[in-house]
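Each residue of the sequence shown is one higher than the last, beginning at 65 in the working numbering.
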Amino acid sequence: MPMPEPKLGSGPWIMGILNVTPDSFSDGGAHAGVQPAVDAALAMLEAGADVIDVGGESTRPGAAPVPAAEEIARVAPVIERLRARTTAPIAVDTMKPEVARAAFAAGATIWNDVTALAYAPDSVVTAAELGATVILMHMQGEPRTMQANPVYEDVVADVAAFLEERADIAEAAGVKPERIWVDPGLGFGKTLGHNLDLVRGLPHIRARTQRRVVFGASRKSFIGTLDGGAGAQDRLGGSLSAALAAWEFGADMLRVHDVRETVQALRVWLAIGAES
Ligand code: 8Y4
């Protein structure tokens, strides 16, 4: 599915985050969480989201791995019911090609992969076969240990080179060039300084890769670090600040938890910029 015009007009696409891990919507029972999750997604679309990102595996440091069948059981029913209620593009956040297949069968059209299609040997060919739009994200190391001691020669140049390489591999395997988006992966094997460099480096990443750029800082721990250790539920102001900065530095799509607040912040920002 081609991307529709962003609801913000000249602004970025907004991707609303929908976690369907058991701690998010389930109150027990195999299908208990499906309708509340769909309702949350519809509320995000109502609030101005352009895309919903459905994820069934936590990539938090120290999170236990989830078998593919379990991940499919979490995401596919939600995607199927959401597909019946909206024409908005639905992304699946997964590194497993079998989960991507099931999600696309249920109605997803975007594969958001934090491993940039490198987790499984058949990921790239699967993306091509599915006709997917792919979001290739940079991560250094693996979730369990990535924050221990991240080191780069030059974080912006290193991340841009990685994304260009992964994008070229996807394109060579048959993923349509305009369907390959890239993402610097804030917080995935990055120090506070690396994260800030990557926001400022968005123009370089865009120029180097010649791809659309997705950006996700919403509620991430570097925001807490910059604000005296604020917890994840207390990072809205910093998340909005990062979203506006990312837009200003050239991000095309923002992955956010707080859709309504992000849309409002951008509306004001875009209105102010419109006169210049
Ligand atoms: C509190 C809230 C603490 C959120 C940590 C987090 C990205 C992504 C994630 C991203 C793309 C997260 C799946 C991490 N981040 N996909 N996924 N870009 N494309 N952590 O930045 O939200 S999960």
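Glycine included, every Cβ here is placed at the ideal spot set by N, Cα and C. In this text, all values refer to a predicted model and were calculated from it rather than measured experimentally.
In the structure shown, what three-state DSSP assignment does F279 receive? As a working note, residue 279 is residue 215 in the sequence shown. Three-state result, F279: strand.
Simplified DSSP state of N213, which is helix, strand or coil: Residue 213 sits at position 149 when you count from the first residue of the sequence shown. Reduced to three states, the DSSP call for N213 is coil.
Verify whether the separation of the beta carbon atoms of R331 and L72 is less than 9 Å. For this step, residue 331 is matched to residue 267 along the sequence shown. For this step, residue 72 is matched to residue 8 along the sequence shown. Cβ distance < 9 Å, so R331 and L72 count as in contact.
Quick check on the burial criterion: 16 or more other C-beta atoms within 10 angstroms. Buried or exposed for I336? Translated into positions along the sequence shown, residue 336 becomes position 272. Note on I336: under 16 other CB atoms within 10 angstroms of its CB, so exposed under the neighbour-count rule.
In chain order, each beta strand (DSSP E) run of at least 3 residues that lies wholly inside the segment 274 to 339: As far as the segment 274 to 339 is concerned, its whole beta strand (DSSP E) runs of at least 3 residues are 276 to 279 and 317 to 320.
Count the other CB atoms, across all protein chains shown, that sit within 10 Å of the CB of N176; report buried if there are 16 or more and exposed otherwise. In the sequence shown, counting from the first residue as 1, residue 176 sits at position 112. Label assigned to N176: buried.
So the candidates are N259, V198 and V246; which of them puts its Cα closest to the Cα of V219? If you number the sequence shown from 1, residue 219 lands on position 155. Comparing alpha-carbon positions, the option among N259, V198 and V246 lying closest to V219 turns out to be N259.
Cβ distance (whole Å) where M79 is taken to contact V320 below 8 Å: Numbered from its first residue, the sequence shown carries residue 79 at position 15. Numbered from its first residue, the sequence shown carries residue 320 at position 256. 7 Å between Cβ atoms; contact.
Candidates T289, V263 and A166, of which the one nearest V278 by Cα: By 1-based counting over the sequence shown, the position of residue 278 is 214. Comparing C-alpha distances from V278 to each of T289, V263 and A166 shows the shortest one belongs to V263.
L72, DSSP secondary structure in three states: By one-based count along the sequence shown, residue 72 stands at place 8. Coil at L72, not helix or strand.
Applying the criterion that 16 or more other CB atoms from any shown protein chain within 10 Å of the CB defines a buried residue, is R149 buried or exposed? In the sequence shown, counting from the first residue as 1, residue 149 sits at position 85. Classification for R149: exposed.
Using the beta-carbon count (16 or more within 10 Å), is G249 buried or exposed? Locating residue 249 in the sequence shown gives position 185, counting from the first residue. With 16 or more Cβ atoms within 10 Å of its Cβ, G249 is classed as buried.
Cβ-heavy atom distance between A281 and the ligand 8Y4 below 8 Å? As a first step, residue 281 must be located in the sequence shown, where it is residue number 217. Answer for A281: yes, Cβ within range of the ligand 8Y4.
For the 8 Å Cβ check, are there 3 or more pairs between the segment 137 to 144 and the segment 190 to 202? The way I'd put it, the segment 137 to 144 doesn't touch the segment 190 to 202; fewer than three beta-carbon pairs between them come closer than 8 Å.
Name the two residues that bound the continuous alpha helix (DSSP H) containing V8. As displayed, the chain neither begins before 65 nor continues past 340, which places residue 8 out of reach and without an answer.
Closer than 8 Å: V278 CB and nearest the ligand 8Y4 heavy atom: In the sequence shown, the residue the question calls residue 278 occupies position 214. Flag set: Cβ of V278 near the ligand 8Y4.
Quick one: residues in its chain with C-beta nearer than 7 Å to the C-beta of G251, no 5 flanking neighbours on either side, listed in chain order? Looking up residue 251 in the sequence shown gives position 187. Excluding positions up to five away in sequence, the list reads N259, K284, S285 and F286.
DSSP three-state assignment for D114, whether helix, strand or coil: For the purposes of this step, residue 114 is taken as residue 50 along the sequence shown, with counting starting at 1. Coil, per DSSP.
Hey, could you find the ends of the alpha helix (DSSP H) A182 is sitting in? One-based indexing of the sequence shown puts residue 182 at position 118. Taken as a continuous stretch (DSSP letters only), A182 belongs to no alpha helix (DSSP H), as it is neither H nor E.
Give the range of the beta strand (DSSP E) segment to which G80 is assigned. Stepping through the sequence shown from its first residue, residue 80 is reached at position 16. Per DSSP, G80 belongs to the beta strand (DSSP E) from W77 to N83.
Among V163, S305 and Y216, which residue has its Cα nearest to the Cα of W333? Along the sequence shown, one-based indexing puts residue 333 at 269. The option with the nearest alpha carbon to W333 is S305.
Quick one: is the Cβ of H321 within less than 8 Å of any heavy atom of the ligand 8Y4? Residue mapping note: residue 321 aligns to position 257 of the sequence shown, counting from 1. Yes, since a heavy atom of the ligand 8Y4 falls inside the 8 Å radius drawn around the Cβ of H321.
Within the same chain, show all residues whose beta-carbon is closer than 6 Å to that of D32, passing over the 5 residues directly before and after it, in chain order. No answer is possible for residue 32: the residues shown for the chain start at 65 and end at 340.
Mapping the DSSP letters down to three states, classify D87 as helix, strand or coil. Indexing the sequence shown from 1 puts residue 87 at position 23. Helix.
Residues that DSSP places opposite L200 in a beta bridge: The residue given as residue 200 occupies position 136 in the sequence shown. Partner(s): D177 and V246.
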